[in-house]
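Engineer:
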Amino acid sequence: MNNLVSLTRDGDVAIITVNNPPVNALSPGVPEGIAEAVRAIAKDDQVKAAVLIGGGRTFIAGADIREFGKLRESGGGEFGLPHYLIEIEDSRKPIVCAIHGTAFGGGLETAMAAHYRVAVASAQVGQPEVKLGLIPGAHGTQRLPRLGGVQKALEMCAGGDPVKAPEALACGIIDKIIDGDLLAGAVAFAREVADQPAPRTRERNGKLTADLSVFAAARETAAKKQRGFIAPLKAIEAVEAAVTQPWLEGIATENRLFQETLASDQSKALIHVFFGEREVAKIPAVPAETPVLPVRSIAVIGAGTMGGGIAMVFANAGISVLLKETEQAALDRGMATIQKNYATSVAKGRFTQAAMDERLSRVHPQLGWDGFESVDMVIEAVFEGMALKKEIFAQLDKICRKDAILASNTSTLSIDEIASATTRPEMVIGTHFFSPANVMRLLELVRGAATSKEVIQTCMLLAKKIGKIGVLVGNCRGFVGNRMFHTYRREAQFMAEEGAAPEAIDKVMYKFGMAMGPLATGDLAGLDVGWRIRQEFRHTEVPGVRYTKAEDALCEMGRYGQKTKAGWYQYDENRKSMPDPVVAEVVKRVAEENQIPQHAIDDQEILDRLIYALVNEGAKILEEGFALRPVDIDIIYLNGYGFPAHRGGPMFYADLVGLKKVYARICEFEKHDGYWWKPAPLLKKLAEEGGSFATWKRR
Ligand code: NAI
0 MNNLVSLTRD GDVAIITVNN PPVNALSPGV PEGIAEAVRA IAKDDQVKAA
50 VLIGGGRTFI AGADIREFGK LRESGGGEFG LPHYLIEIED SRKPIVCAIH
100 GTAFGGGLET AMAAHYRVAV ASAQVGQPEV KLGLIPGAHG TQRLPRLGGV
150 QKALEMCAGG DPVKAPEALA CGIIDKIIDG DLLAGAVAFA REVADQPAPR
200 TRERNGKLTA DLSVFAAARE TAAKKQRGFI APLKAIEAVE AAVTQPWLEG
250 IATENRLFQE TLASDQSKAL IHVFFGEREV AKIPAVPAET PVLPVRSIAV
300 IGAGTMGGGI AMVFANAGIS VLLKETEQAA LDRGMATIQK NYATSVAKGR
350 FTQAAMDERL SRVHPQLGWD GFESVDMVIE AVFEGMALKK EIFAQLDKIC
400 RKDAILASNT STLSIDEIAS ATTRPEMVIG THFFSPANVM RLLELVRGAA
450 TSKEVIQTCM LLAKKIGKIG VLVGNCRGFV GNRMFHTYRR EAQFMAEEGA
500 APEAIDKVMY KFGMAMGPLA TGDLAGLDVG WRIRQEFRHT EVPGVRYTKA
550 EDALCEMGRY GQKTKAGWYQ YDENRKSMPD PVVAEVVKRV AEENQIPQHA
600 IDDQEILDRL IYALVNEGAK ILEEGFALRP VDIDIIYLNG YGFPAHRGGP
650 MFYADLVGLK KVYARICEFE KHDGYWWKPA PLLKKLAEEG GSFATWKRR
């Protein structure tokens, strides 16, 4: 047909094969090729039925995501796939789709336009468009309820999660599971149905009866589980149209809703995130062919909050872990926590008791240094103190193999200074996990001045192996994520001191889509951590500059946050927060003592000061070279700080607002607070040139 679709024959059954590696995406040429094959089959008297199959490792895995951007730029325009699908459905000779691997998005829509679907048991089908801020646009929301029923269609189109072949068979999305050779089985199936009239999915209305309350229930679920996301609600509306409207009206409704989601900022943001997650894996200075060191066994030092979580991450990935502590009691506590966390997972049905036992057996608790001479990598996660870390690294330098990677989980200290305690700074790197380490996806990999390319490459690939998103960052105070977060929390505290209620500040960010606001986050993490650091660095404070005071006052009262049941809020036994009149008094007193002018702060000011603090610091970090690209910052924020994916990350958000506007607002803030709000030179330059972070290139 063309170079993407071939047509062959097995007796009276035609075989249409899609060959668009690696995943047979519906790139331009694929739908055209299939339609052309269908036309050829119609004319061929020797053919009675056809099989449509994917060459290589999968059926059509979905749309070519780059095409969505092009489609949007062309103003939506005429979207071709639905028309080709009608051509397939109108074939008088039955077409059987043979599914292996995945039939997602346009892949499932193609399969549903055919007359029958058979699949291997391991195949999966799904309509994951909502994960890109879209809804199915090629009749998926109209054909899926006709095959799988309204409830299943709602779950799949609004939730976006895949369904395995046996479940797809049970609800009617597929007709048969093929054991053994898929093509042979599909051809045999095609022969069986060759003489029967080819059933058109769009005419199968038997399953379209639904109690209308299912739509209200689906909306409620979406509002809870996908808070702030628009596409799931549009997907529900489209599925509802399948029930309440005849086919032609239903597909028109779907098309209108699809175009709306395509034009939405949310789909732009989520597609940016999709490509961003792949982009961050590419390090320009570290070519793909850089040699990789084997990591078969590791040692973790410190079995506290982070060390225990890190040990679990590696044990889960099948890597054996020596877990070292200095005292038996701390070791026992650490192991008990690991055990408890695993037991919770078993109780929730995430894995079996046998899997838990296997994972636990990979963690070897110990007090001494035995075995350190043979491990491939060590991750240090002891208390945050330079002297202690240097002592440990000097010791590791003596006992570990010369080619062992020596990593620190420090969240603030200089990797270069830690590395200076060794004779091999090229083997030293920061592996900054986020808490809880076994849950959070982000792993900031901190490159020291001497860290070798092999060590970077190994850790980037290792991140993937242990289920994390590795983002390479430079060695500055707080690295990328915390350096920015510091400015964000500072502004939140400043606003509280200027008279904004803590709950008003947090509510703005919750509504923006964050899991919680900046002051509630402080309470969760523990206010005392920052307080201790501020005390240590008091000597570096610049006279005449404003520093946060209210949080220190809260800590002085023993209000450390959730762990003391009081911080910016008061907490009940179930950790439910409530505003606390004491806080209002403390903040008022602090403001008076420090002569902080009070003013009314509206929601827009709260939002702008918090987000632009992130953006301004992000721009400085970029310019100073501590983050490789704006998208690296976005991916860090989405995976480590609960920034809502549908906003695309702080830098993407700034681009959407427009850098000119962002810069102008920062200049306004600078008038009131010149020290903290100095605009980043890069932001100023881009704003003046009419540029954006997306188009910025490092020279
Ligand atoms: P933690 O206080 O929970 O655990 C530290 C553990 O190290 C304790 O169990 C302690 O007994 C042990 N330890 C101390 N000296 C030791 C030594 N010489 N040999 C072996 N074990 C020793 O502290 P946490 O929170 O786990 O922090 C560890 C590191 O991770 C710090 O560098 C911290 O800055 C960093 N980090 C912490 C995050 C957090 O949210 N807690 C997030 C990211 C990084």
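Here the sequence shown is numbered in numbering that gives the first Met the number 0, starting from 0 and rising by one per residue.
No residue lacks a Cβ here, since even glycine has one placed at the ideal position from N, Cα and C.
None of these values were measured; they are calculated from a predicted model.
1) Indicate the three-state DSSP secondary structure (helix, strand or coil) for Arg698 in the structure shown.
2) Give a yes or no on whether the C-beta atoms belonging to Ile532 and Thr411 are separated by under 9 Å.
3) Compute the Euclidean distance between the alpha carbons of Tyr546 and Glu379, then round it to the nearest angstrom.
4) By the three-class DSSP mapping on this structure, what secondary structure does Ile177 have?
5) Whole angstroms is fine: what's the gap from Met556's alpha carbon to Cys399's?
6) Would Gly10 be called buried (16 or more neighbouring beta carbons within 10 Å of its own) or exposed?
7) Is DSSP giving Arg332 helix, strand or coil here?
8) Write down the C-beta distance between Val445 and His431 rounded to the nearest angstrom, noting that I regard them as a contact closer than 8 Å.
9) Specify, as a first and last residue, the run of the alpha helix (DSSP H) that Glu443 falls within.
10) Quick check on the DSSP output: what are the complete beta strand (DSSP E) runs of length 3 or more inside the stretch 47-107, in order along the chain?
11) By DSSP's criteria, His363 is part of a beta bridge. Which residues make up the other side?
12) Using 10 angstroms around the beta-carbon of Arg142, count the other beta-carbons present and answer buried if the total reaches 16, otherwise exposed.
13) Hey, quick one: how far does the beta strand (DSSP E) through Gly429 stretch, first residue to last?
14) In the DSSP assignment, find the alpha helix (DSSP H) that holds Ile235 and state where it starts and stops.
15) Name the DSSP bridge partner or partners of Gln569?
16) If you count every other CB in all the chains shown that lies within 10 Å of the CB of Ser90, and 16 or more means buried, which is it?
17) So that I know if they touch, is there some Cβ in chain B lying closer than 9 Å to that of Gln258?
18) Run through DSSP, which three-state label would Gln45 get?
19) Within this structure, are the beta carbons of Thr336 and Gly301 separated by less than 9 Å?
20) Identify every residue that forms a DSSP beta bridge with Ile270.
21) What number of angstroms, rounded off, separates the C-alpha of Asn408 from the C-alpha of Asn437?
22) Excluding five sequence neighbours on each side, which residues of the same chain lie with their C-beta closer than 8 Å to the C-beta of Ile250?
23) How many angstroms separate the CA atom of Phe651 from the CA atom of Lys163?
24) Taking Tyr115 and Glu31 to be in contact with their CB atoms under 8 Å, please state how far apart those CB atoms are, rounded to whole angstroms.
25) Scan the stretch 385-436 and note each continuous alpha helix (DSSP H) run of 4 residues or more that stays entirely inside, going in chain order.
26) So, are the CB atoms of Val299 and Val427 less than 9 Å apart?
27) Taking only heavy atoms of ligand 1 into account, decide whether any of them is closer than 8 Å to the Cβ of Phe484.
28) Kindly indicate the opening and closing residues of the alpha helix (DSSP H) around Gly473.
29) Candidates Ser296, Ala329, Met311: which alpha carbon is nearest Gly303's?
30) DSSP on Glu379, reduced to helix/strand/coil?
31) Could you check whether Ala120 and Gly648 sit closer than 9 Å to each other, using their CB atoms as the reference points?
32) Does the beta-carbon of Leu613 have 16 or more other beta-carbons within 10 angstroms, so that it is buried, or is it exposed?
33) In terms of residue numbering, what span does the beta strand (DSSP E) encompassing Tyr115 cover?
34) Nearest CA to the CA of Arg440: which residue from Ser419, Thr422, Lys463, Lys452?
35) Note down the Cα distance separating Val124 from Gly512, rounded to an integer number of angstroms.
36) Which ranges would you report for the alpha helix (DSSP H) in the stretch 485-533 if only whole runs of at least 4 residues count?
Structural biologist: Let me lay it out:
1) In the sequence shown, the residue the question calls residue 698 occupies position 699. Arg698 falls in the coil class under three-state DSSP.
2) Walking along the sequence shown from the start, residue 532 turns up at place 533. Walking along the sequence shown from the start, residue 411 turns up at place 412. Yes; because the gap between Cβ atoms is below 9 Å, this pair is in contact.
3) Taking the first residue of the sequence shown as 1, we reach residue 546 at position 547. Taking the first residue of the sequence shown as 1, we reach residue 379 at position 380. Looking at the two C-alpha atoms, the distance is approximately 32 Å.
4) Indexing the sequence shown from 1 puts residue 177 at position 178. Coil at Ile177, not helix or strand.
5) Within the sequence shown, the letter at position 557 stands for residue 556. Within the sequence shown, the letter at position 400 stands for residue 399. So the alpha carbons of these two residues sit roughly 45 Å apart.
6) Taking the first residue of the sequence shown as position 1, residue 10 is located at position 11. When all chains shown are included, Gly10 counts as exposed.
7) Against the sequence shown, residue 332 aligns to sequence position 333. Note: Arg332 maps to helix in three-state DSSP.
8) The sequence position of residue 445 within the sequence shown is 446, counting from 1. The sequence position of residue 431 within the sequence shown is 432, counting from 1. That pair is a contact at about 6 Å.
9) The residue you call residue 443 lines up with position 444 of the sequence shown. Looking at the DSSP string, Glu443 is not in any alpha helix (DSSP H); the run it does join, the beta strand (DSSP E), is 441-446.
10) 48-53, 94-98, 101-103
11) By one-based count along the sequence shown, residue 363 stands at place 364. Leu321.
12) As a position in the sequence shown, residue 142 is number 143, starting the count at 1. Per the 10 Å Cβ criterion, buried.
13) Along the sequence shown, one-based indexing puts residue 429 at 430. Note, Gly429: beta strand (DSSP E), 427-432.
14) By 1-based counting over the sequence shown, the position of residue 235 is 236. Note, Ile235: alpha helix (DSSP H), 230-243.
15) On the sequence shown, residue 569 is found 570 positions in, with the first residue counted as 1. Ala565, Met577.
16) By 1-based counting over the sequence shown, the position of residue 90 is 91. Buried: at least 16 other Cβ atoms inside 10 Å.
17) Protein chains in the displayed structure number just one, and chain B is not present.
18) On the sequence shown, residue 45 is found 46 positions in, with the first residue counted as 1. Of the three classes helix, strand and coil, the one that applies to Gln45 here is coil, per DSSP.
19) By 1-based counting over the sequence shown, the position of residue 336 is 337. By 1-based counting over the sequence shown, the position of residue 301 is 302. Contact flag unset, no.
20) Sequence index remark: in the sequence shown, residue 270 carries index 271 (1-based). According to DSSP, Ile270 bridges with nothing at all.
21) As a position in the sequence shown, residue 408 is number 409, starting the count at 1. As a position in the sequence shown, residue 437 is number 438, starting the count at 1. Straight-line Cα distance between these residues: approximately 14 Å.
22) Taking the sequence shown and counting its residues from 1, one reaches residue 250 at position 251. Here the set comprises Pro81, His138, Gln141.
23) Position 652 of the sequence shown, counted from the start, is the residue given in the question as residue 651. Position 164 of the sequence shown, counted from the start, is the residue given in the question as residue 163. Phe651 and Lys163: Cα-Cα distance of roughly 35 Å.
24) For the purposes of this step, residue 115 is taken as the residue at position 116 of the sequence shown. For the purposes of this step, residue 31 is taken as the residue at position 32 of the sequence shown. 23 Å between Cβ atoms; not a contact.
25) 385-398, 414-418
26) Position 300 of the sequence shown, counted from the start, is the residue given in the question as residue 299. Position 428 of the sequence shown, counted from the start, is the residue given in the question as residue 427. No. Outside cutoff.
27) Taking the first residue of the sequence shown as position 1, residue 484 is located at position 485. No, ligand 1 has no heavy atom inside 8 Å of this Cβ.
28) Within the sequence shown, residue 473 is the residue found at index 474, counting from 1. Element bounds for Gly473: not the alpha helix (DSSP H) but the beta strand (DSSP E), 468-473.
29) For the purposes of this step, residue 303 is taken as residue 304 along the sequence shown, with counting starting at 1. Nearest of Ser296, Ala329, Met311 to Gly303, Cα basis: Ala329.
30) Walking along the sequence shown from the start, residue 379 turns up at place 380. Glu379: strand per DSSP, three-state reduction.
31) Stepping through the sequence shown from its first residue, residue 648 is reached at position 649. Stepping through the sequence shown from its first residue, residue 120 is reached at position 121. No. Outside cutoff.
32) One-based indexing of the sequence shown puts residue 613 at position 614. It is buried - the Cβ of Leu613 has at least 16 other Cβ atoms within 10 Å.
33) Position 116 of the sequence shown, counted from the start, is the residue given in the question as residue 115. From DSSP, the beta strand (DSSP E) with Tyr115 extends over 115-118.
34) Numbered from its first residue, the sequence shown carries residue 440 at position 441. Looking at the Cα atoms, Lys463 is the closest of the given residues.
35) The residue you call residue 124 lines up with position 125 of the sequence shown. The residue you call residue 512 lines up with position 513 of the sequence shown. The straight-line gap from Cα to Cα measures roughly 29 Å.
36) 501-511, 517-524
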